[in-house]
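Shown next, in structure tokens, is the structure this report addresses.
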Amino acid sequence: MKKMWDDRYAEDGFAYGSEPNVYFKECIDTIELKKSILLPAEGEGRNAVYAASVGWDVTAFDISSEGREKAIQLAEVHGVKFNYEVKDFEEIYFNRAFDCVAFIYTHFTTEKKYLFFDKMLDALKPGGWVIFECFSVNNLSFRDKNPKIGGPENPNMLYSIVELQTIFMGYKIINLTEDLVTLNEGKYHNGEGCVIRLFAQKPIP
Ligand SMILES: C[S@@+](CC[C@H](N)C(=O)[O-])C[C@H]1O[C@@H](n2cnc3c(N)ncnc32)[C@H](O)[C@@H]1O
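If you read the sequence shown in this note's numbering, its first letter stands for residue -7, the second for the next number, and so on.
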């Protein structure tokens, strides 16, 4: 798995583009107090660079060392800095909590998915924000017609509204939608597809 991502990120250019994900930008731009943000599985740093450039204190990680290399290059071009660790999510531990966590195309198999969310959401402060955009199970028919849209083939790695309602039970949901989108994100997310989007706030006990 790591090799697959390292190979992809060793190619020329940015696999998912160098601009932030549109929904990530839309959500984060509405948050007035720009404090700390965690970006798990951040790849080549497009969202980390944007968040840092508008004043967030960014912590990112990814299993791919090639992804980190590209992210650091992109950060240098934009004159921003952030903390980016090369780690499998199963091995990462945080010694702080964050004000926001964003899940942008973070796809794992069923047995890893819930461990992943438990761990990342444990690191979110009460009242903290969640931004999420990943492929829906309904993306499969779009992928059949247009493989360039990308996204996992394995339905267990995809998401549904009901699954998000379960993972984020008790959260204040500002938006939870399944959207048809036209992606223009590098060479690996291109054309019409179907995504699940969530913007939510962790409850304050
Ligand atoms: C589709 S890419 C999305 C990258 C980035 N979030 C973006 O939207 O540009 C999925 C990312 O998950 C990372 N990844 C896969 N398995 C991982 C794991 N076990 N721990 C940490 N990162 C992982 C990959 O290296 C890859 O960068």
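Cβ atoms here follow ideal geometry from the backbone N, Cα and C, with glycine treated the same way.
Assumed close pair residue i, residue j - CB separation to whole angstroms, cut-off 8 Å
i, j, result
"phenylalanine 124", "arginine 189", "7 Å"
"lysine 117", "alanine 89", "5 Å"
"valine 41", "histidine 70", "5 Å"
"valine 72", "cysteine 126", "About 25 Å; that fails the 8 Å criterion."
"phenylalanine 160", "alanine 192", "5 Å"
N- and C-terminal bounds of the alpha helix (DSSP H) containing residue i
i, result
"tyrosine 106", "102 to 114"
"threonine 158", "153 to 159"
"tyrosine 76", "Note, tyrosine 76: premise wrong, no alpha helix (DSSP H); beta strand (DSSP E) at 75 to 78."
"phenylalanine 16", "14 to 20"
"alanine 94", "No alpha helix (DSSP H) holds alanine 94; the beta strand (DSSP E) holding it covers 90 to 96."
"serine 128", "Looking at the DSSP string, serine 128 is not in any alpha helix (DSSP H), and its letter there is neither H nor E."
"serine 45", "38 to 45"
"tyrosine 1", "-6 to 2"
Euclidean distance between Cα positions of residue i and residue j
i, j, result
"lysine 164", "phenylalanine 74", "29 Å"
"serine 128", "isoleucine 153", "8 Å"
"asparagine 138", "glycine 119", "39 Å"
"phenylalanine 81", "methionine 112", "9 Å"
"leucine 207", "valine 14", "Only positions -7 to 197 of the chain appear in the structure, and residue 207 is not among them; the question remains open."
"tyrosine 151", "isoleucine 29", "23 Å"
"glycine 155", "leucine 31", "Note that residue 155 corresponds to glutamate in the displayed sequence, not to glycine. So the alpha carbons of these two residues sit roughly 21 Å apart."
"lysine 104", "methionine -7", "13 Å"
"tyrosine 85", "leucine 172", "35 Å"
"glutamate 11", "valine 50", "16 Å"
"glutamate 177", "alanine 7", "8 Å"
"glutamate 24", "asparagine 39", "17 Å"
"alanine 44", "alanine 2", "24 Å"
"proline 92", "lysine 27", "A small fix is needed here, since residue 92 is cysteine in this sequence, not proline. Cα to Cα, the separation comes out at about 8 Å."
"threonine 102", "alanine 67", "33 Å"
"serine 133", "glutamate 36", "27 Å"
"aspartate 4", "lysine -5", "16 Å"
"phenylalanine 16", "proline 197", "26 Å"
"asparagine 148", "phenylalanine 108", "14 Å"
Element boundaries [beta strand (DSSP E), containing residue i]
i, result
"arginine 189", "181 to 193"
"alanine 67", "Element bounds for alanine 67: not the beta strand (DSSP E) but the alpha helix (DSSP H), 57 to 70."
"asparagine 167", "164 to 177"
"valine 50", "49 to 54"
"serine 10", "Neither: serine 10 is in no beta strand (DSSP E) and is coded neither H nor E."
"isoleucine 29", "28 to 31"
The segment 177 to 193 contacting the segment 131 to 147, beta-carbon criterion three pairs below 8 Å: Note that the segment 177 to 193 touches the segment 131 to 147; at least 3 beta-carbon pairs, one per stretch, sit closer than 8 Å.
Segment contact, 8 Å Cβ cut-off, at least three pairs: the segment 49 to 63 with the segment 79 to 97: A contact between stretches requires three or more CB pairs, one per stretch, nearer than 8 Å, and the segment 49 to 63 meets this requirement with the segment 79 to 97.
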